[in-house]
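Written out below as structure tokens is the structure these notes cover.
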Amino acid sequence: MNTHTSARMLASLLASTAVLLPLGAQAQETGASSDAAAGEIVVTAQKRSQGINDVPIAITALAGTTLADGGIKSLDRLSAVTPGLNVSETSATGVPIYTIRGIGFSDYSTSASSTVGLYADEMALPYAVMSRGAFFDVGQVEVLKGPQGDLYGRNTTAGQINVNSARPTDHFAAGLSAEVNNFGETDVEGYVSGPLAEGLNARLAGKSTQGGAWQRSLTRQGDTLGDKNVLALRGSVEYKGTPGLDLFLSAHWIRDKSDNLAPTAYDGALIGQPTLRLPVDTSGPDGSPVDVFSTGDNRAADWSNGIFTPRRDNELAGFVAKASVDLGLASLTSVTGYDHFRRREANDWDGWAGNDSGNINVTSINVFSEELRLSSNGNGPLSWIVGGYYSRDTMHENYNYFMQDSFYALVLGIRTLDTRYEQTTRSLAGFGHVELKLGDGWRVLGGLRYTDEKRKWTGCTYDSGDGSLGGFLGIPAGACGVFDDIAGTPDFGTTAVFSDTITTRRAMWKAGIDKKIGRNLLYATVSNGFKSGGFSGVNSNLWSQLLPYKPETVTAYEVGAKLVLAHNSLRLNGSAFWYDYKDKQEAHYINTFVGALVQLTNVPRSRVRGVELDAQWKPIEQLSFDGSITYLDAKITRWPNAGVNNGANLAVATDLAGVRLANSPRWQGNAAVTWTQPVNERLNAFVTLAMNGRTGTSGRVLALDPATPVPGYALVDARVGVKQADDKWQLSLWVRNLGDRYYYTSSFGGNGVFVRTNGMPRTFGVSGRFSF
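The sequence shown maps to residues 193 to 964 in our numbering.
Printed below as a string of structure tokens:
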């Protein structure tokens with residue numbers, strides 16, 4: 193579907209439903225604590241429980257049941273129900289790219305920190321690769337947009353995603369949900385919760401997802417890919433038996449042995465490029481040519497088999513401990529967390545049965561964090577929070593890269609690479625936030641955070657032991673193969689392990705004013721956030737590719753309104769924003785011994801501006817409309833010497849002022865309409881029709897990498913079912929991608945092949961849930 197068609201579909205659907213919110217998106221803020229259109233929604237965006245209309249931040253709040261009913265089973269699916277959020281990939285390395293309002297970092301290395309802060313029960317997940325896997329027993333998800341310049345632990349520039357698990361209950365409760373689809377995927381989740389003793393409550397939850405292969409090999413009849421194999425457990429206890437004391441402990445374990453999806457190769461002429469980026473050996477086992485291209489079929493793909501079969505063996509285990517003590521005028525809160533993540537993961541970049549580019553990543557990550565904060569109590573005119581934060585994480589990765597059929601093997605003789613590195617990061621911060629009520633509904637606020645972060649990286653791209661890189665460079669098999677081209681360094685002119693340490697010491701801040709008029713809020717804020725610099729973890733040829741990139745900063749100006757109208761039947765939220773984006777972290781190309789390769793650098797100046805509008809309207813008891821729309825204008829304003837691949841595998845300095853940022857569709861929207869019909873006093877029937885869509889964008893800055901265009905698309909989902917009037921049980925039939933649209937969520941290139949990651953075709957199934 194082309195961009196113009198998607199835009200027309202998006203505009204017409206949104207117009208037909210006024211300005212409506214998606215099924216389960218911002219209108220589903222109500223799912224956080226209320227079913228009424230104008231019910232009070234409680235969020236913890238500012239480290240304390242507040243009504244959402246008391247918080248001068250653009251927030252999408254989603255209840256766990258809302259996510260489950262909408263088929264949102266992972267963080268990467270949140271973009272379907274959250275305006276301004278995009279989740280994509282720039283390669284096949286298992287690293288999702290999170291972008292909010294055009295602020296993102298299109299780096300596929302495991303060591304890259306996201307511009308979007310990712311938090312689970314207030315503990316930071318510092319690397320996006322840790323965010324995949326099971327998404328279960330969720331109490332609420334909050335997506336905060338824009339830099340949160342004072343209260344959040346790991347420095348970020350785009351916003352935050354906070355995932356809060358369901359808490360233990362002080363009464364017995366249990367629930368079970370199950371879902372099966374036409375590809376054979378089964379998803380079963382359950383929990384049991386209740387008191388163990390006076391003031392001591394516990395909860396145990398588990399999830400299993402199995403099967404569901406939906407991709408079909410182009411060259412091997414009957415070979416499929418996409419099976420899930422996920423098991424997850426979480427146990428938590430909460431103690432409230434002593435007045436003024438609240439203790440919470442949660443431990444989790446997630447094992448994911450699912451297939452990874454394979455991209456699909458296509459002819460580059462479809463996007464005005466050569467058929468292949470570089471020459472590739474596409475002959476079959478008998479030496480005859482193999483047609484590796486496919487378009488128009490969501491299920492068509494191809495991949496290498498054996499040890500290269502796209503598959504993961506990942507595990508995440510850890511705990512979060514939270515203690516809060518009421519000291520009278522203030523409360524003291526401690527949040528301690530630890531996570532261990534390990535993975536062995538194979539991915540196929542090239543989308544065909546050969547090996548133009550494929551990789552196996554073996555990764556180990558350990559993360560520890562501690563936050564201690566003191567916050568005021570009561571409802572007086574002055575409220576405040578002060579605190580400190582410490583975190584330390586270590587990462588070790590072997591990034592094994594295979595390219596036996598590529599240009600680099602055919603012409604240069606380089607068949608495999610082995611990039612090994614370790615990274616240690618220590619972050620220390622102090623913060624404060626204050627709000628003062630001035631009377632007549634007026635309030636001012638301010639916040640400040642100072643961070644001291646130290647990051648050390650040591651690594652090299654080695655000859656894997658087969659001698660192919662060593663033969664090209666004239667070094668022994670197994671030796672380090674990165675050439676020191678930095679004049680003045682001790683190893684200049686030789687191949688050597690690269691090691692460097694960077695320290696970032698910066699303040700970020702926030703200020704604002706707002707006015708409360710009844711249940712309505714008008715606000716204006718300015719906030720400043722930064723994301724610290726870092727190192728590349730990708731295959732490298734030169735030391736200059738591994739030099740650290742600098743911190744980036746965003747200063748965000750925003751005005752907005754949160755309104756409750758039409759006799760409390762309509763919730764309407766709107767905001768306009770303008771971001772001054774300095775030193776954006778971005779990849780470009782430099783010339784190396786083997787041609788143009790990626791280096792991470794900084795874009796001097798960019799600008800983002802836009803408008804968001806969302807609403808929930810319930811004109812009568814049986815009928816509800818939900819919808820949102822985001823307009824985004826995100827572009828580079830100054831980058832005079834960007835390294836662009838000229839198509840002949842050479843980097844050429846180019847001025848990219850005026851070019852759009854990656855993962856920033858100009859329009860993005862969601863809409864839904866639900867009719868609920870009482871059957872009798874205890875039973876309701878319902879039907880929901882929902883849509884999400886966006887206009888075209890790119891996975892990287894398109895002028896830098898023409899292999900990454902992603903056209904716009906619009907998808908329609910439907911659900912019909914029955915449920916008990918008190919929502920104790922529900923049974924429904926559903927279909928996603930009702931029109932069976934061919935679309936893809938990302939595009940990129942292998943060494944020589946252009947590829948796309950297709951979205952799922954029409955998928956239908958049955959789901960049910962029961963609680964008591």
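Virtual Cβ for every residue (Gly too), placed ideally from N, Cα, C.
Ser442 sits close to Ser428, with the two beta carbons spaced by under 8 Å. Between Tyr431 and Val512, the alpha-carbon positions lie close to 14 Å from each other. Sorting Thr257, Ser271 and Arg324 by C-alpha distance to the C-alpha of Gly286 places Arg324 at the top. The region 550–557 and the region 589–596 touch, with three or more beta-carbon pairs separated by less than 8 Å.
Between the alpha carbons of Ser939 and Pro832 lies a distance of about 26 Å.
Nearest to Gly766 by alpha-carbon distance, out of Leu310, Lys742, Arg534 and Glu804, is Glu804.
Every unbroken stretch of the beta strand (DSSP E) spanning 3 or more residues and falling wholly within the region 282–350 is given here in chain order: 289–292, 308–312 and 330–337. As the crow flies, the alpha-carbon of Ser241 is around 39 Å from that of Val893. With respect to Leu896, Gly913 sits apart: the two C-beta atoms are not nearer than 8 Å.
Following the DSSP letters along the chain, one finds Phe664 inside the alpha helix (DSSP H) bounded by residues Ser660 to Leu665. One thing to note: Tyr642 has its Cβ within 8 Å of the Cβ of Gly622.
DSSP places Gly670 outside both helix and strand once states are collapsed to three, so it counts as coil. As a beta-bridge residue in DSSP terms, Ile694 pairs with Arg647. Gly256 sits in a helix when the DSSP states are folded into three classes.
Annotated as distal: Leu392 and Val517, with beta-carbon spacing of 8 Å or more.
Contact check for Phe599 against Gly944 passes: the beta carbons are separated by less than 8 Å. Each of Ala854, Tyr458, Lys776 and Ser526 was checked against the Cα of Gly488, and the nearest Cα belongs to Tyr458. Going by C-alpha positions, Ala284 is about 50 Å away from Leu574.
For Gly276, the number of other beta carbons within 10 angstroms of its own is at least 16, and it is reported as buried.
Within the model, the alpha-carbon separation for Arg491 versus Leu930 is close to 15 Å. Using a 10 angstroms sphere on the CB of Leu824, the tally of other CB atoms reaches 16 or more, which defines it as buried. At least 8 Å separates the beta-carbon of Thr528 from that of Asn558. Phe785 and Leu842 have their C-alpha atoms roughly 11 Å apart. Contact annotation: the region 835–849 does not touch the region 877–885, with fewer than three C-beta pairs closer than 8 Å. Of all C-beta pairs linking the region 749–760 to the region 298–307, fewer than three are shorter than 8 Å, placing the two stretches out of contact. Between Arg647 and Thr693 the beta-carbon gap is near 7 Å, inside 8 Å, which marks them as a contact. In the structure shown, the three-state DSSP call for Trp859 is strand. Exclusion of the five residues before and after Gly624 leaves Val578 and Leu640 as the residues of its chain whose Cβ lies within less than 6 Å of its Cβ. Short of 8 Å from the beta carbon of Arg954, and not among the five residues preceding or following it, lie these beta carbons of its own chain, in chain order: Val927, Arg928, Asn929, Leu930, Gly931 and Asp932. By a beta-carbon distance limit of 8 Å, Thr653 does not contact Thr696. Their separation comes to about 26 Å.
Ranking Ile463, Asp540 and Val330 by CA distance to the CA of Asn497 puts Asp540 first. In the DSSP assignment, Leu524 falls within the unbroken beta strand (DSSP E) covering Ala522 to Asp540. In the three-state scheme derived from DSSP, where H, G and I count as helix and E and B as strand, Phe485 is classed as coil. If you draw a straight line from the Cα of Asn421 to the Cα of Arg395, it comes to about 24 Å. Rounded to whole angstroms, the Cβ separation of Asn876 and Ala917 is 6 Å, and the two are in contact under 8 Å. Around the beta carbon of Leu343, a 10 Å sphere encloses 16 or more other beta carbons of the protein chains shown; the residue is thus reported as buried.
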